[in-house]
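Residue numbers (my numbering): -12 to 147.
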C-alpha cells in the first residue's frame, strides 16, 4: 500500500471510490435509470442482478439489451432493490489504484428487496420476513474525467 497522508492523491482516490460506489448503489435502489449519471458511456457491466434475464452476460452500450435499457427495465420493475450494505474488509473495501485517475474497489455487498409473492403485509404466513437478501462480491473500476467527476467504467458482481 502506498505511503502518504490523508491529502495524498491515493487517499483522495480511495475516498472517491467508496463515495462513488455508495452513490451508484443508492441510485440503483432509488431509481435504477438515474444510475446512468454515474456510469461512463463505454462501461462494461456484468451484473446478473441488473440484467433483465438475470444473465452473467456483459451489458454495454452496444449489447442487447443495452446497459441503459437494462437499468430502465429495472426502474420500471416492482421488484427493484430497496437497500444495500457494503461490508467492510479489514476495515475498508480493498482498493487498488489502477493509475493516477483510475481506481478499482472490491468488496462484499448485501442487497435487499421485498420478495415477490401474493401475500400482503410485512411477513409471510409462517412468520418469516418478506425480505429477500442477496450477498455478492463486487469489483468496480472508476475513472476520473477531465471535469473531475468519477464515472464507473467496469463492474462485475458475483452472487455468493
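Ideal placement from N, C-alpha and C gives every residue a C-beta, glycine not left out.
Predicted model only: the values in this text are computed from it and were never measured.
Checklist line | Whole beta strand (DSSP E) elements within the region 20 to 67, 3-residue minimum | finding: Runs found: 26 to 33.
Checklist line | Whole-angstrom distance between residue -4 and residue 94, CA atom to CA atom | finding: One C-alpha to the other measures close to 21 Å.
Notebook entry, point to check: For residue 105, which three-state DSSP category applies?
Noted result: In this prediction, residue 105 scores a pLDDT of 49, lower than 50, which makes its location untrustworthy; no coordinate-derived value is stated.
Notebook entry, point to check: Buried or exposed: residue 43, going by 16 or more other Cβ atoms within 10 Å of its Cβ?
Noted result: Note on residue 43: under 16 other CB atoms within 10 angstroms of its CB, so exposed under the neighbour-count rule.
Notebook entry, point to check: What does a CB cutoff of less than 7 Å around residue 51 pick up in its chain, not counting 5 residues either side in sequence?
Noted result: In its own chain, leaving out the 5 sequence neighbours on each side, no residue places its CB closer than 7 Å to the CB of residue 51.
Note to self: Considering only the alpha carbon of each residue, which of 65, 0 and 4 lies closest to residue 142?
What the structure shows: Of 65, 0 and 4, the residue nearest in Cα terms is 4.
Next item on the list: Take residue 97 and list the residues in its own chain whose beta-carbon comes closer than 6 Å to its own, dropping the five residues that flank it on each side.
Entry: Sequence-distant Cβ neighbours of residue 97 in its own chain, meaning closer than 6 Å and more than five residues away, are 72, 120 and 122.
Check: Hey, residue 22 and residue 58 are a contact pair by Cβ (cut 8 Å); roughly how many whole angstroms apart?
Finding: Contact between residue 22 and residue 58 holds: their C-beta atoms lie close to 6 Å from each other, under 8 Å.
Notebook entry, point to check: Excluding sequence positions up to five away, which residues of its chain have a Cβ less than 6 Å from the Cβ of residue 126?
Noted result: The answer, listed in chain order, is 93 and 143.
Checklist line | residue 233 versus residue 19: straight-line alpha-carbon distance, rounded | finding: Residue 233 is absent from the model: the chain starts at -12 and stops at 147.
Checklist line | For residue 7, the three-state DSSP class (helix, strand or coil) | finding: In the structure shown, the three-state DSSP call for residue 7 is helix.
Notebook entry, point to check: Going by beta carbon distance, what residues of the same chain come within less than 6 Å of residue 24, once the five residues before and after it are set aside?
Noted result: No residues qualify anywhere along the chain.
Margin query: Distance check for residue 16 and residue 90, CA to CA, integer angstroms please.
Written below: In a straight line, the C-alpha of residue 90 is about 23 Å away from that of residue 16.
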